[in-house]
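In terms of our numbering, the sequence shown is residues 927 to 1088.
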Amino acid sequence: MTAMDIDGTVRALREAKIDIFNRFERGHYPKRAHLFDLSRISRENYQRALDSKDKESYYFVAEMNGRIVGAAYGRIFGKSGFSFLHSVAVHPSKQRQGVGEKLLREVVAYSRKQGCHKISLNTLQVLIPALKLYLKLGFVPEAYLRKQWWKVDFIQMSKWLN
Ligand SMILES: CC(C)(COP(=O)(O)OP(=O)(O)OC[C@H]1O[C@@H](n2cnc3c(N)ncnc32)[C@H](O)[C@@H]1OP(=O)(O)O)[C@@H](O)C(=O)NCCC(=O)NCCS
């Protein structure tokens, strides 16, 4: 992601977030948690992240016909070999066209290239499209995280890269 991609990224991620809340998370994930997450997807936060030149974080965007349609970002913790994917999302109008899979494959390839032995993410059990995507790329459910954030249960899914 470059500075020029920020506005498109914010738009795609915000719309994806609102869409999944309405379709999957409502009743499972508190509205205040959803609004908090939404507030974090802002131009200021992404600009700050890019300005910080933090070498551990990675940001990938997907572009289609000159527009940003999705993004994935996470962090590799020093030389530990552990990559944590914070988020992957695709604009609702561009889903089911292979974009999410390409983004996730890029994250896996990048993590491997950086010497990581493992990549993990936390997700909700109601996010069926995301769960199917993770399983397709070889992630497996590793742990059930009871009352994790906002007192909601999450699932940790992981893929070992060696
Ligand atoms: C999860 C998400 C990123 C997938 O992106 P996408 O571009 O639509 O996915 P792709 O077209 O690359 O699909 C890849 C695979 O994912 C799975 N998948 C994607 N959407 C699916 C759906 N609606 N139902 C079932 N499986 C789905 C399938 O296994 C698919 O492979 P297939 O086409 O061979 O069946 C997208 O649905 C999204 O942005 N969701 C909202 C954000 C989100 O939930 N992020 C994860 C938070 S933990």
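By construction, the Cβ of each residue, glycine as well, lies at the ideal position given by its N, Cα and C atoms. Please read all numbers here as calculations on a predicted model, not as lab measurements.
Closest by CA to VAL1094, which one among HIS1017, ARG1038, ASN948?
Here the chain covers residues 927 to 1088 and nothing more, so residue 1094 does not appear.
Should SER1013 be listed as close to ligand 1, given that the test is whether its C-beta is under 7 Å from any heavy atom?
As a first step, residue 1013 must be located in the sequence shown, where it is residue number 87. It does: the Cβ of SER1013 is within 7 Å (strictly closer) of some heavy atom of ligand 1.
In angstroms, rounded to a whole number, what distance separates the CA positions of PHE1010 and SER1019?
Residue mapping note: residue 1010 aligns to position 84 of the sequence shown, counting from 1. Residue mapping note: residue 1019 aligns to position 93 of the sequence shown, counting from 1. Distance between the alpha carbons of PHE1010 and SER1019 is about 27 Å.
List the endpoints of the continuous beta strand (DSSP E) containing HIS1012.
As a position in the sequence shown, residue 1012 is number 86, starting the count at 1. It spans 1008–1016 - the beta strand (DSSP E) in which HIS1012 sits, taken as one unbroken run.
Separation of TYR955 from LYS1005, as counted between CA atoms:
Taking the sequence shown and counting its residues from 1, the one referred to as residue 1005 is at position 79. Taking the sequence shown and counting its residues from 1, the one referred to as residue 955 is at position 29. Whole-angstrom Cα-Cα distance: 34 Å.
Looking at LYS981 and ILE1045, is the spacing between their C-beta atoms short of 8 Å?
Here the question's residue 1045 lines up with position 119 in the sequence shown. Here the question's residue 981 lines up with position 55 in the sequence shown. For ILE1045 and LYS981, no; Cβs fall outside 8 Å.
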